[in-house]
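Notes for the one structure printed next.
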Amino acid sequence: MKKTADPDVTGVRRSDREWRRVLTPEQFKVTRKGGTERAFTGAYWAHKEDGTYLCVCCGQALFESADKFDSGTGWPSFTRPAAEGHVGEKDDRSFFMRRTEVVCSRCDAHLGHVFPDGPGPEGMRYCINSAALDFEEGGEG
Numbered sequence: 013m014k015k016t017a018d019p020d021v022t023g024v025r026r027s028d029r030e031w032r033r034v035l036t037p038e039q040f041k042v043t044r045k046g047g048t049e050r051a052f053t054g055a056y057w058a059h060k061e062d063g064t065y066l067c068v069c070c071g072q073a074l075f076e077s078a079d080k081f082d083s084g085t086g087w088p089s090f091t092r093p094a095a096e097g098h099v100g101e102k103d104d105r106s107f108f109m110r111r112t113e114v115v116c117s118r119c120d121a122h123l124g125h126v127f128p129d130g131p132g133p134e135g136m137r138y139c140i141n142s143a144a145l146d147f148e149e150g151g152e153g
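Sequential numbering of the sequence shown, starting at 13, is according to my numbering.
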């Protein structure tokens with residue numbers, strides 16, 4: 013099911029009970045509880061279609077296929093977000109590590125992490141869980 017973001021909505025808030033009704037168990041674990049899918053298992057890690065990757069929770073455009081690259085990590089990787097302000101960053105100190113978590117700015121869904129080891133002028137690698145994404149063919153990608 014494809015979801016299109018409503019630009020007039022600035023935030024999406026639901027209870028865990030409501031999220032469980034609209035997400036699969038894997039999507040809920042990843043997006044609402046900060047989980048991570050196993051490498052090389054997600055629907056989009058080797059996906060090559062042109063289009064836009066959307067937040068599975070609220071439909072906000074997150075990444076364009078033109079910015080996707082094969083990082084060799086087993087997760088979809090992107091050099092930058094689809095638009096400024098569509099993803100947020102949080103300090104993540106879980107599992108005795110210090111990383112930067114990436115979240116949807118509209119619904120606060122956990123998407124993955126960003127690392128400063130990517131290609132391109134910014135040198136960033138947005139390492140994103142497939143379970144946090146939906147895909148819409150066409151568009152700018």
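Just so it is clear, CB atoms sit at the ideal spot from N, CA and C, and this is done for glycine as well.
#1: Is it right to say residue 71 is buried, meaning 16 or more other beta carbons lie within 10 angstroms of its own, or is it exposed?
#2: Over the uninterrupted beta strand (DSSP E) stretch that includes residue 115, give me the two end residues.
#3: Are the Cβ atoms of residue 126 and residue 69 separated by less than 8 Å?
#4: If we ignore side chains and look at the alpha-carbon of each, how far apart do residue 41 and residue 144 end up?
#5: Starting from residue 43, trace the alpha helix (DSSP H) both ways and give me its first and last residue.
#6: Which residues in the same chain as residue 101 place their Cβ atom closer than 8 Å to its Cβ, once the five residues preceding and following it in sequence are excluded?
#7: Which residues in the same chain have their Cβ closer than 7 Å to the Cβ of residue 97, if we skip the five residues on either side of it in sequence?
#8: Quick check: what's the CA-CA separation for residue 35 versus residue 149?
#9: What's the C-alpha gap between residue 15 and residue 58?
Here's the rundown:
#1: The residue labelled residue 71 in the question sits at position 59 within the sequence shown. It counts as buried.
#2: As a working note, residue 115 is residue 103 in the sequence shown. 111 to 116 is the span of the beta strand (DSSP E), which, as asked, contains residue 115.
#3: In the sequence shown, residue 126 corresponds to position 114, counting from 1. In the sequence shown, residue 69 corresponds to position 57, counting from 1. No, the Cβ-Cβ distance between residue 126 and residue 69 is not below 8 Å.
#4: Counted from its first residue, the sequence shown places residue 41 at position 29. Counted from its first residue, the sequence shown places residue 144 at position 132. Answer to the nearest angstrom: the Cα atoms are 10 Å apart.
#5: Position 31 of the sequence shown holds residue 43. Looking at the DSSP string, the run of the alpha helix (DSSP H) that includes residue 43 is 37 to 45.
#6: Here residue 101 refers to the residue found at position 89 when the sequence shown is read from its first residue. Excluding sequence neighbours, residue 101 sits near 112, 113, 114, 115 and 126.
#7: Along the sequence shown, read from residue 1 onward, the residue named residue 97 stands at position 85. Cβ within range, chain order: 117.
#8: Indexing the sequence shown from 1 puts residue 35 at position 23. Indexing the sequence shown from 1 puts residue 149 at position 137. Between residue 35 and residue 149, the C-alpha separation is close to 21 Å.
#9: As a first step, residue 15 is located in the sequence shown; it is residue number 3 there, counting from the start. As a first step, residue 58 is located in the sequence shown; it is residue number 46 there, counting from the start. Because the pLDDT at residue 15 is just 40, under 50, the model does not fix this residue reliably, and the value given afterwards should be weighed accordingly. For residue 15 and residue 58, the distance between alpha carbons rounds to 22 Å.
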